[in-house]
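Note that the protein sequences, when read in sequence, are chains A, B, C, D, E and F.
Those letters in the first sequence? Residues 1 to 330, by the numbering used here.
Those letters in the second sequence? Residues 331 to 660, by the numbering used here.
Those letters in the third sequence? Residues 661 to 990, by the numbering used here.
Those letters in the fourth sequence? Residues 991 to 1320, by the numbering used here.
Those letters in the fifth sequence? Residues 1321 to 1650, by the numbering used here.
Those letters in the sixth sequence? Residues 1651 to 1980, by the numbering used here.
A quick write-up on the structure given underneath.
Number of protein chains: 6
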Amino acid sequence: MKVICFGEIMLRLSPPNNLRMAQARSLDVQYGGSEANVAVALAQFGAESAFVTRVPDNVVGRSSLGELKKYGVDTSLTQFGGSRLGLYYLEVGAGNRSSKVVYDREGSGMATLQKGIIDWRSIFKDATWFHWSGITPAISESAAEATLEAIEVANELGLTVSCDLNYRSNLWQYGKKPSQIMPQLLRGCSVMLGDGDTIDTYFEIKGSNYKEVFEKTFEAFPKLKYIAMTARRAFHATHNTYKGFLHNGTTLFESKEYDVPDIIDRIGAGDAFMGGLIYCLQKNAPPQYCVEFSAATGALKHSIHSDFHLATAAEVENLMGGNTGGKVSR
Amino acid sequence: MKVICFGEIMLRLSPPNNLRMAQARSLDVQYGGSEANVAVALAQFGAESAFVTRVPDNVVGRSSLGELKKYGVDTSLTQFGGSRLGLYYLEVGAGNRSSKVVYDREGSGMATLQKGIIDWRSIFKDATWFHWSGITPAISESAAEATLEAIEVANELGLTVSCDLNYRSNLWQYGKKPSQIMPQLLRGCSVMLGDGDTIDTYFEIKGSNYKEVFEKTFEAFPKLKYIAMTARRAFHATHNTYKGFLHNGTTLFESKEYDVPDIIDRIGAGDAFMGGLIYCLQKNAPPQYCVEFSAATGALKHSIHSDFHLATAAEVENLMGGNTGGKVSR
Amino acid sequence: MKVICFGEIMLRLSPPNNLRMAQARSLDVQYGGSEANVAVALAQFGAESAFVTRVPDNVVGRSSLGELKKYGVDTSLTQFGGSRLGLYYLEVGAGNRSSKVVYDREGSGMATLQKGIIDWRSIFKDATWFHWSGITPAISESAAEATLEAIEVANELGLTVSCDLNYRSNLWQYGKKPSQIMPQLLRGCSVMLGDGDTIDTYFEIKGSNYKEVFEKTFEAFPKLKYIAMTARRAFHATHNTYKGFLHNGTTLFESKEYDVPDIIDRIGAGDAFMGGLIYCLQKNAPPQYCVEFSAATGALKHSIHSDFHLATAAEVENLMGGNTGGKVSR
Amino acid sequence: MKVICFGEIMLRLSPPNNLRMAQARSLDVQYGGSEANVAVALAQFGAESAFVTRVPDNVVGRSSLGELKKYGVDTSLTQFGGSRLGLYYLEVGAGNRSSKVVYDREGSGMATLQKGIIDWRSIFKDATWFHWSGITPAISESAAEATLEAIEVANELGLTVSCDLNYRSNLWQYGKKPSQIMPQLLRGCSVMLGDGDTIDTYFEIKGSNYKEVFEKTFEAFPKLKYIAMTARRAFHATHNTYKGFLHNGTTLFESKEYDVPDIIDRIGAGDAFMGGLIYCLQKNAPPQYCVEFSAATGALKHSIHSDFHLATAAEVENLMGGNTGGKVSR
Amino acid sequence: MKVICFGEIMLRLSPPNNLRMAQARSLDVQYGGSEANVAVALAQFGAESAFVTRVPDNVVGRSSLGELKKYGVDTSLTQFGGSRLGLYYLEVGAGNRSSKVVYDREGSGMATLQKGIIDWRSIFKDATWFHWSGITPAISESAAEATLEAIEVANELGLTVSCDLNYRSNLWQYGKKPSQIMPQLLRGCSVMLGDGDTIDTYFEIKGSNYKEVFEKTFEAFPKLKYIAMTARRAFHATHNTYKGFLHNGTTLFESKEYDVPDIIDRIGAGDAFMGGLIYCLQKNAPPQYCVEFSAATGALKHSIHSDFHLATAAEVENLMGGNTGGKVSR
Amino acid sequence: MKVICFGEIMLRLSPPNNLRMAQARSLDVQYGGSEANVAVALAQFGAESAFVTRVPDNVVGRSSLGELKKYGVDTSLTQFGGSRLGLYYLEVGAGNRSSKVVYDREGSGMATLQKGIIDWRSIFKDATWFHWSGITPAISESAAEATLEAIEVANELGLTVSCDLNYRSNLWQYGKKPSQIMPQLLRGCSVMLGDGDTIDTYFEIKGSNYKEVFEKTFEAFPKLKYIAMTARRAFHATHNTYKGFLHNGTTLFESKEYDVPDIIDRIGAGDAFMGGLIYCLQKNAPPQYCVEFSAATGALKHSIHSDFHLATAAEVENLMGGNTGGKVSR
């Protein structure tokens, strides 16, 4: 049981202590990216995961890999190349001030990745699952082609393929619309995380509610077995609620809704959810358990600095069991 | 359109991370003062502002000016003099513990400022607005005289004059009561920020509610065109509500009330409000817009470390438009 | 009026800014322990207090004493000995993530303390009160014997003796159950802080509610004059409520319940309560005042980094008087 | 007397306390670039300086300008544009470990700058001096063209033009060799900072020693009046010596050689030297004074964190006068 | 054997990591003052010491006392009064950049101290030694009178009196010259630390070398038994040499000269020397040992952050014995 | 080519910025141990290395493994057990103040390790080299037995075995002298790092110089092929020299001697040397190259925070080639 996650990892730079960028004399360092975050969540749960990416062979690229290795992710499959590691600036909001992200990811190794560079057959040798997200095909046309290649080989070799739709409106700059690219990619997937608006943008499927949208999506993509979604009510930068949904083609399962106050870091909550979902599906857990575990993972993530979900399965289960933080663990 | 703000700037020293003074091995450095804060808010909104003050010509005085310049305030009109920069210690509270301020501002350059030292005619050359606050006349009798001089010249040259009443009970130590000094100063002003209690202390005007007090104040000071006020409900050090009022002589306008949780720094919220108000009035915005923009500025300020309001007009409008922090800006 | 507190002091190491242990490149340093915390609270209130312990004569042991001296506790009665200072790791939780404590206290100076080493007669010379907690007899059988010795001498010399039951399930490893040790120790005490579950564990006294349990305890231990208890509702790691109870053998007094949001550090809240209680009882304050003051101390403690309650009696009274943090103190 | 400096400003990110990149959990923030550094040095000396550049209109680009304004540089002439602020990573060495720079500056606003975008006539209106360096023409062909345009207008308007040759071997990637571009640019300059190797690379002028090289350069570029050079002996990352040379076409002047131990930050030393030189030449100081002042500025820079030379002319003169740091200034 | 040290304690604020004041976003906190530093050195050596001063009764004044208590100094004799704690800013130099001190001590509690406020008889009850320095009489005339009063009572009660001449040219602003005040004060002293220039300034005693000056001083002040002096060669801010001299009226003893590279903090080195000297003289150690121990203390102080000498007598002896830092202590 | 390193890893806690323990409000976190340090150096050079140890299964033990994984060491062979991770406190000296280490390692997982717990046959499956040090047999008799077991299996399976003698006088507390344990262990080794004094302590071999001692050691232990030694002259805590020696049974090779100023961290220099030596010997490099590479590694280590040698082989070769830090790498 080994999950291959494929995508871009970036340096994340944030002013400490909720400072604004102009005030910062130092920037806190994290490394993250949607698919890398999934790999870390899986490794924290004790699952075997590997991250496939393309980073420059310098101290910045190597540091991003070191951080993944530290948390148990296999990075031995990395392609070195490209001239820079993409990065993003994050001003962490509080109360009535939103968090603010400024991307600086042009020209990274993933943007210039091309079909044929990565030997997917060898990478998938011991693997059972392949995970990608809608960010990679949004970076460049050649990256979209490389993604398609990976999905096709994964299908050929019998891996389960999952996708987080992850729409970023500031990407998709290379002249193709998502609806020209994404349907073909989703065709090889059996697990999808997404919401109604993104499904509309990617696949031009509409409906009067998300349940209907999911059902139409199942029809359009016969290989799909599971559609998951997360929902938050966002009162303030530091106070949200969080819950999850999972449709198995037949039934829509909902998790309890978590109150999420005193948020430390909401970046990566969806990736944590995805990691929880893959972890549960791999173990053939019942759908209700899957959605509860995934939602608790996503909710717990809000209390952890970094893009990564750094908590064990036991800690997730502790929250599922009702300890919403009030009981000191000794 | 250039606003001249006149007052004292101080070094602010706070233990980091909500520590108490006795625990601190370092103190966070900010610079601030009511009128300087107004100047910064205006500059952040893209308005032209200058700050007139008197600071010692040493590394501490010069650093206070550098911080203003960084945020776009013109400090070229500074008078150098006096032997020390005033300062204040701030223990930042949380939950049930109040924030605590200890002033150490005696003997600063502003305290020994005298009428005739500053060439107001030259300073006001390109300016359209003059802003001062009730702190300066509270420091020393000579500073009160210098303030009066400035107001008179400003009136002569046709500038709009605004005042934040800003009562500090631990000042006014030089043998005069506010009611002996302030009426004369307010006479030259057309915009005032204050509340009922301070109006009583300064002008001995009472009323059964603030609307009535405002109306009597308009009567007593015929030049006055606008009276503004802010109100907060303060549940805890880190949780308040915030709203604003603006009376234009005819009608009392109220802003929406903001819930303000997870407060980072409430110092300077009133100054941010004042900056928002001058910014809107200068642009002849309608009163309801003025009070909404000013209140949103004050509410947003609570999420920003420092005395200064470091956010753009677009960010204020984002909050006015209903994004109370919950939506990440990408 | 001098209070002798007896127990173990530990180095406390926590990742800064709510980080997890694996993320930490530095650990914040505090020193604390239940009985030392009581001594500090008393000293902050202006009462005379001394702390009796056994620490190694090295830079770590001596640093723990320096921190106590800084806050006004007399440490001149310290026994030097043992090879290490016990320590504990604390991951500070937030929102839905619980705080997590990992103890590393085996082999400390207190664990190898033996009856006869400490000259209690000389230590108690100027003292009027002796305080200990259920942690010391839980460490080792010889430490339990040393505690009994101290209680007996204190009784002989007419000191008031107080005890915080303080059950730690991960201690009591030396082959005796609490119920074999604690009854004999409590016999010499007139003030006790504890809750129903611990009373059951230590003294095998059960009841249908805590009032009944307290009454049975008064019966079983005739020397007891006061039983106190604290109660919290713990919604999240950073949001609790807090209140206190005090039974004087006749009547059960309850404090108001405090809302405790935006918690900075809840470790030591019970010790702060205990310090408040001893402070009030020493001054013969009325029971209702005692429980209100103690509960406000405990509630206020949540806003202070460190095991120690670093706030004055005036600050506690400010909270009792209704300023739940919202009013800046200038 | 106003100096216009033209070039690129970058975000500089360095691990604190000499850590290696892989160890860093935060990166210290500075902003710098050869020509911006010159502008800051001039402003610190009390000279009027402005910096002309092209940065993106986002929080990162604006923060770089704020830092320049703080230190007195006029940034009102900035062109906003481009999608990212270039940056560089700096591992600060010590002892036997070299400092290490990794550039990440592709795609910045300066790289896409084109001739005709900047209105040089308006920029040069009040100015007397124009400074540029060999970095700008190395970035892109269009940036080289924009530089030529600026030099031509400056000459037309009678400004003195200075150039720091500043060879960066990892630039010049756009298909032209320096020797195809630089001669034409230098033709309009009267002050040049450079060394023999760079003169060879740029102008294909060789000689048996630098004096001879300088003389041949004067011959080749008749407008040139001054050639300056710095020299260091670099024993370790934290221990160098530093001295300067200045040839006025007739005579070669040499400064004293400074021992430079316990180096804090050697980045920007050459720019500090250049700032000192422009400052002195503007004041028509004698050549020996010019080279002594410039060399002392460069030597002093090694003791200051950041790319910027943050010290006054009085502090430079203090070092020139023989106080090599040993006397505390009170 | 208890030493009473009398003087002013100040808050010391320094930018971290050798930053300049304008760069600092936080300031490192230390507390210090010449006589307090002596008290701390003595306490670290295991001697009993107390510090007598006058500070305001607020969180800043109390924090300064807490720091002294932490290091073992008795502060129970403090007078509370005055409105502010004096402070000084310290930019810590390196290499060719000098450290820079900016005092801000006007209006402190010591400046307004008056004769008769302090009950010296009660303070000196258990004491054997009284130490003061030339800073206190330089602050104000009333402080000079209070110092004289203390010296007279100390003499009457048979205490040994020591003085560090400690000339500060920026003090002595109250209209008296040192030579009008100091002779009378020195008359009651038997141990003095000073150098030739200060002896000239204070007592108008000149000589062709310091030995001769010392001999004339012994003649002029018959009660004097010891004159000590320190000498440094200051190559750079971070590299000095250090040695000490002690004249016992008969013979001049010299210590070895220490090479002092990689200086962390030279502030307080003279006070450390003084503390070492009192410690040795109190124990009647031979003069050569006294001067060696004192010089090693002063040399070692350069390696310790803070005004305080935080090292044990054993650590000083380790340096005296030849371990100049190269041998790790395990 | 895979090297198995076996030993204890500890948490290392040091006050930041050369503070003393009593001053520290936080402690910098590193993890290290002689054999783990060797494994990291090898991984940084690109060699395959694994670390075998026994740590508790809690956040502290797991964090120590994370740090090793980050730097490329295989930790999948770890035994979980024991109740605590050993630790040590390090006060980092400077100038004339020595660094100071306080160990707190009793009761760790390695101390209670026993023969038979580790399946050496499986661990050595793909390995070619086994490295241990004299620290493990010094911890407890059972750890010594486990070491012997490992050496015997390694010999049986044909691995090269290396040993760093690493004498710690504060260990060896379990009733056996080194000379009763170490000879038997060394018998199975072919590479040894040690010095004359330790050879005497362990094997009772004496000689008039180290060359003679080495020759006698070769005689006594016929399996030995290489004896290496390092030598430093330690002028101050922050200034040493460093060189290496290597005897191949026939000839004694010496490296150049490095001047090592401005030391950041000398802990682990010997382990870095050992890592360099194994790396070179594995590649069958000539002895002179081996000793030069190893000495340069050890010298370079002094410039790197942490126990670990975090530099590549290319960086070591850069130093060997004469760049002693003075040339910035761009």
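The C-beta atom is built at its ideal place from N, Cα and C for all residues, glycine as well.
In this text the structure is predicted, and so the values were computed from the model without any measurement.
Give the single residue among the options whose Cα lies nearest to the Cα of residue i.
i         : options                                : result
B:ILE557  : B:THR571, B:GLN612, B:VAL621, B:TYR609 : B:VAL621
B:ASP456  : B:PHE410, B:GLU647, B:MET331           : B:MET331
B:ASP595  : B:ARG562, B:LEU630, B:TYR609           : B:LEU630
A:ILE151  : A:ASP262, A:GLU257, A:MET182           : A:MET182
D:MET1182 : D:LEU1138, D:MET1219, D:SER1066        : D:MET1219
B:CYS610  : B:LYS553, B:HIS569, B:SER499, B:PHE375 : B:PHE375
D:GLU1307 : D:TYR1232, D:SER1016, D:PHE1283        : D:PHE1283
A:MET274  : A:GLY188, A:ASN37, A:LYS176, A:ARG20   : A:ASN37
Would the beta-carbon of residue i be found less than 8 Å away from any heavy atom of the ligand FMN?
i        : result
A:ALA231 : As for the ligand FMN, it is missing from this structure, which has no ligand bound.
Can you name, in chain order, every residue of its own chain whose Cβ lies under 7 Å from the Cβ of residue i, other than the five neighbours on each side?
i         : result
F:ALA1793 : MET1760, ALA1761, LEU1763, THR1786, PRO1787
In the DSSP assignment, find the unbroken alpha helix (DSSP H) run with residue i in it and report its ends.
i         : result
B:ALA380  : No alpha helix (DSSP H) contains B:ALA380, which is instead part of the beta strand (DSSP E) from 378-382.
F:SER1944 : 1937-1951
F:ILE1659 : From DSSP, F:ILE1659 is part of no alpha helix (DSSP H); its letter is neither H nor E.
Within the continuous beta strand (DSSP E) that includes residue i, where are the two ends?
i        : result
B:SER463 : 459-463
C:GLY692 : 686-692
A:PHE253 : 252-254
C:VAL821 : 820-824
Might you give, ordered along the chain, the residues of its own chain that have their beta carbon closer than 6 Å to the beta carbon of residue i, omitting 5 neighbours on each side?
i        : result
C:ASN678 : VAL752, ALA754
Whose C-beta lies closer than 8 Å to the C-beta of residue i among residues of the same chain, with five residues either side of it excluded?
i       : result
A:ASN96 : HIS236, ALA237
Unbroken stretches of the alpha helix (DSSP H), 4 residues or longer, contained in the segment 1498-1536 of chain E: 1498-1506, 1516-1523
With a cut-off of 8 Å, do at least 3 Cβ pairs link the segment 1136-1151 of chain D to the segment 1202-1210 of chain D? no
Sequence ranges, alpha helix (DSSP H) only - wholly within the segment 1202-1272 of chain D, length at least 4: If we require 4 residues or more, the alpha helix (DSSP H) runs fully inside the segment 1202-1272 of chain D come out as 1259-1272.
Would the segment 740-751 of chain C count as touching the segment 247-266 of chain A if we require 3 or more Cβ pairs under 8 Å? With a cut-off of 8 Å, the segment 247-266 of chain A and the segment 740-751 of chain C do not count as touching, because too few Cβ pairs lie within range.
Would the segment 32-48 of chain A count as touching the segment 302-319 of chain A if we require 3 or more Cβ pairs under 8 Å? yes
Do three or more CB pairs link the segment 1417-1426 of chain E to the segment 384-398 of chain B at distances below 8 Å? yes
Any beta strand (DSSP E) of 3 or more consecutive residues that is wholly inside the segment 710-795 of chain C: List check, beta strand (DSSP E) in window: 747-751, 760-764, 789-793.
At a cut of 8 Å, does the segment 599-609 of chain B reach the segment 66-74 of chain A through at least three beta carbon pairs? Verdict: no, contact absent.
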